[in-house]
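Below: the structure, in structure tokens.
Numbering (UniProt numbering), first residue to last: 1 to 713.
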């Protein structure tokens, strides 16, 4: 369920079933957007993904759709708030697949053209058009003046501007001559230390277009140094002790060295010019030149390695070398100008970065893995390329996921450091942590005694029995010589029939009819009770069992289910009618959005009923009055509000065809002994529903929330 954010999906028939891979697609795109080359899901569409505040996955450990429909009335909040329901096809643990273990998404090299050996491949032309570099500069080569920052771009990126109030006292380089595509390029980089005044320059480097170092000078700051930032700047207290050069000296030298048409090149050059307290009108900023989506920037170290094949800012060195950084930025700009945007886009830098970072994460994981386990793994498993891990992608994007549960989420150990002793404790931690995280997996669990195999088998049999009873009606009494064919025809106008049996144990014969869909059985009870059929005035009722005592309540709640909002069921159609013909017949109905003509899942043939979805609930109510008694191609139609239009309708078919023969199940003594456990389980389910309610209400608007009933296999 999305709070105030649009997600559209098809929800009829076969579309009600999705695979873990498809769910993985949805979660990945919702969490990452176009970062890491996440694409819109293949089966639905998220609108305005960038507006999503977060993604929350609630896992109900070892519970399945069986539990949802067995305790449908107890899941009061869950069924009223969550509009979209899907059957999740059986698989290994889905939470583990979030780590890339249970799904098979395409590895980065297959999806984006980087081979397993690291060689670069050209992306498809359609992908190239979406590259931010192509969108910004086009594909054609241009001169250097096309890549210098405009005045507006300089203002936006905090460059010192002549006449700006914040630049009072700054020195202007005086380079006012018109720039051409042959104007000289100079690479500039500074290192700063933190002083009482703020960031002050402590080292300046300038290189020319041939890479020759023209200036590499230490500078003594005016204020007392608070932090030398030696790890990055390479500056120590000892180095600055003998230095006499001050900032004004450097400003004067730079002003003399730069020609009047000079173009300065640097990586995030605005910070260098601000620290130098200098204004220069013509700059190329390589952090903006190699454009990325959503305002993000590549680091200079990565660009030097990926584009130039050079290692800079080595961990073995003490701090950065500004001459090396200035030269790297200059060469990057020269490469861009000489090769053109199309060639740069073909490098597929975004994918290279993702691959590099995922490799780093994998190395860190391997470092923490016990040596013995690593050796054993190498002995037992053939070498293979690791799949992109969804949670690793989040880490790379700077989005640390929140993972809470009572036990580890499969072998991946997602919740290892966040184990809680109870669902209540998990809820409390979730209420505190979810608002701070962009992606959360919250796992609630039933007590172990309620997921035992014998209890599950018993619940399954009870649910199948209840569904069978709800789909079954008894009609009669009839005369001894009644025509079964005419009875079957009359009741068939309510919907598809699965079986018809004549009951002869009574004084007069009755007919037992089992329907394929809930709406058909309910229509028969509502329309044909008290009607004259085959020459007899008959009663129509469902079998009276313990399971059907709350049938009326259940029917009412199903009518109110958000999945059935604006949805009506229409029966009595001729099987020869096509979907196109029906679209024409119903086209006059106001606000009709969708028509769904269900098929028999075994034969593939159309049934004699359909579902109509309206944009407004009132339009659906108005349509019911019009359709009842309406004749289409000689068939009189019957209709009512939908009960099981989507997910439930398909699940009922699966339950009735999975095992066993049609007809009511007789509960044996073993089943009766389950009643005490079932009562306690009902209370636990109510508590779980309450936990979900509290957690859901705490979510920010524009949060995508998914609840999983993953089952035991």
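For every residue, glycine included, the Cβ atom is placed at its ideal position computed from N, Cα and C.
Asked                                                                                                                                                    : Found
Rounding to the nearest angstrom, what Cα-Cα distance links residue 687 and residue 405 in this structure?                                               : 16 Å
Considering only their Cβ atoms, is the gap separating residue 328 from residue 310 smaller than 8 Å?                                                    : yes
When you compare only the Cα positions, how much space is there between residue 486 and residue 534?                                                     : 6 Å
Counting only the same chain and skipping the five closest in sequence on each side, list residues whose C-beta sits under 8 Å from that of residue 617. : 565, 566
Where residue 484 and residue 517 are concerned, what is the direct C-alpha to C-alpha distance, given to the nearest angstrom?                          : 21 Å
Cβ of residue 319 within 8 Å of Cβ of residue 230?                                                                                                       : yes
Are the CB atoms of residue 201 and residue 219 nearer to each other than 8 Å?                                                                           : yes
Could you check if residue 502 is buried or exposed, using at least 16 other CB atoms within 10 Å of its CB as the buried criterion?                     : exposed
Over the uninterrupted alpha helix (DSSP H) stretch that includes residue 238, give me the two end residues.                                             : 237-240
Under 6 Å Cβ to Cβ from residue 144, same chain only, skipping five residues before and after it: list those, please.                                    : 181, 337
Taking only the alpha-carbon atoms, compute the straight-line gap between residue 562 and residue 48 and give it to the nearest angstrom.                : 23 Å
May I ask you to verify whether the stretch 57-74 touches the stretch 524-544, counting CB pairs closer than 8 Å and requiring at least 3?               : no
Starting from the Cα of residue 586, find the closest Cα among 627, 255, 465, 308 and give me that residue.                                              : 627
Could you tell me which residues DSSP puts in a beta bridge with residue 266?                                                                            : 285
Less than 6 Å between C-beta atoms, sequence neighbours within five positions excluded: which residues of the same chain meet that for residue 269?      : 283, 285
Whose CA, out of 197, 693, 685, 26, lies closest to the CA of residue 445?                                                                               : 685
Please report the distance separating the alpha-carbon of residue 77 from that of residue 570.                                                           : 29 Å
Does the Cβ of residue 242 have 16 or more other Cβ atoms within 10 Å, making it buried, or fewer, making it exposed?                                    : exposed
With a CB to CB cut of under 6 Å and the five nearest residues on each side skipped, what residues in its chain are close to residue 590?                : 619
How big is the Cα-Cα spacing for residue 532 and residue 491?                                                                                            : 12 Å
Is the separation between the beta-carbon of residue 279 and that of residue 170 shorter than 8 Å?                                                       : yes
Can you tell which of 168, 314, 599, 149 has the C-alpha that lies nearest to the C-alpha of residue 179?                                                : 149
To which residues of the same chain is residue 431 closer than 6 Å at the C-beta, ignoring the five residues directly before and after it?               : 698
First and last residue of the beta strand (DSSP E) that includes residue 438?                                                                            : Segment: none, residue 438 is in no beta strand (DSSP E) and carries neither H nor E.
Measuring alpha carbon to alpha carbon, tell me which residue in 527, 638, 507, 341 is nearest residue 139.                                              : 341
To the nearest angstrom, how far is the alpha carbon of residue 593 from that of residue 152?                                                            : 47 Å
Assign residue 695 to buried or exposed, taking buried as 16 or more other Cβ atoms, counted over all protein chains shown, within 10 Å of its Cβ.       : buried
Tell me, please, which residues DSSP counts as bridged to residue 227.                                                                                   : 194
Using DSSP's beta-bridge definition, name the partner residues of residue 641.                                                                           : 568
Of the choices 548, 488, 604, whose alpha-carbon is the least far from that of residue 572?                                                              : 488
Give me the Cα-Cα distance between residue 262 and residue 292, rounded to the nearest whole angstrom.                                                   : 27 Å
Got a sec, what are the start and stop residues for the alpha helix (DSSP H) residue 507 sits in?                                                        : Segment: none, residue 507 is in no alpha helix (DSSP H) and carries neither H nor E.
Verify whether the separation of the beta carbon atoms of residue 643 and residue 526 is less than 8 Å.                                                  : no
Alpha helix (DSSP H) containing residue 67: first to last residue?                                                                                       : 65-70
Below 8 Å, can you find three or more Cβ-Cβ pairs linking the stretch 233-242 to the stretch 192-206?                                                    : yes
Along the alpha helix (DSSP H) that carries residue 77, what are the first and last residues, could you check?                                           : 76-81
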